[in-house]
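Note sheet for the following structure.
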Amino acid sequence: MQIERYETGKRMSQAVTYGGFVFLAGQVAIDAPGASVREQTTNILARITRLLEGAGSDPTRILSATIWLADMSSFEDMNAVWDAWVPSAHAPARATVEARLAGPEFAVEIGMIAAVGN
Numbered sequence: 003m004q005i006e007r008y009e010t011g012k013r014m015s016q017a018v019t020y021g022g023f024v025f026l027a028g029q030v031a032i033d034a035p036g037a038s039v040r041e042q043t044t045n046i047l048a049r050i051t052r053l054l055e056g057a058g059s060d061p062t063r064i065l066s067a068t069i070w071l072a073d074m075s076s077f078e079d080m081n082a083v084w085d086a087w088v089p090s091a092h093a094p095a096r097a098t099v100e101a102r103l104a105g106p107e108f109a110v111e112i113g114m115i116a117a118v119g120n
């Protein structure tokens with residue numbers, strides 16, 4: 003089996019596929035820093051969709067998601083966007099925790115593992 007890396011920089015890859023899985027790095031709203039939780043979540047999920055599709059997967063094939071929030075009081079705002087994005091009957095296993103993120107401009111970070119192929 004071959005390991006494939008996507009959007010690889012000096013320190014990390016944004017996605018890595020191996021053995022029928024794609025592993026996504028934690029995604030933050032690099033295109034919307036400082037925006038509302040809803041806007042950041044929308045931005046992140048668009049990036050995740052693009053990464054999944056680039057690796058041969060899609061949101062119906064997500065197995066597990068980890069969501070980090072800078073403040074748990076934003077849980078419902080994040081969930082409003084998440085619930086609209088996750089395809090019906092395809093909710094993955096998921097954990098959401100409060101954590102200090104890479105910078106104060108980021109309110110949400112999301113990492114995922116999904117199946118690739120048929």
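For the sequence shown, our numbering assigns the number 3 to the initial residue and increments by one for each residue that follows. Every residue, glycine too, gets a C-beta built ideally from N, C-alpha and C.
Whose C-alpha, out of A117, L26, F77, is nearest the C-alpha of A101?
As a first step, residue 101 must be located in the sequence shown, where it is residue number 99. For A101, the nearest C-alpha among the options comes from F77.
Roughly how many whole angstroms lie between the Cα atoms of G28 and I112?
Within the sequence shown, numbered from 1, the residue matching residue 28 stands at position 26. Within the sequence shown, numbered from 1, the residue matching residue 112 stands at position 110. Distance between the alpha carbons of G28 and I112: 5 Å.
Give the DSSP-derived three-state secondary structure of A95 in the structure shown.
Here residue 95 refers to the residue found at position 93 of the sequence shown. In the structure shown, A95 sits in a strand (DSSP, three-state: E or B).
How big is the Cα-Cα spacing for D73 and A97?
Position 71 of the sequence shown, counting from 1, holds the residue named residue 73. Position 95 of the sequence shown, counting from 1, holds the residue named residue 97. Separation of D73 and A97 (C-alpha to C-alpha, rounded to the nearest whole angstrom) is 15 Å.
Start-to-end residues for the beta strand (DSSP E) that takes in V24:
As a working note, residue 24 is residue 22 in the sequence shown. Start and end: 23-29.
Where does T19 land, buried or exposed, given buried means 16+ other C-beta within 10 angstroms?
Numbered from its first residue, the sequence shown carries residue 19 at position 17. Buried, by the Cβ-count rule.
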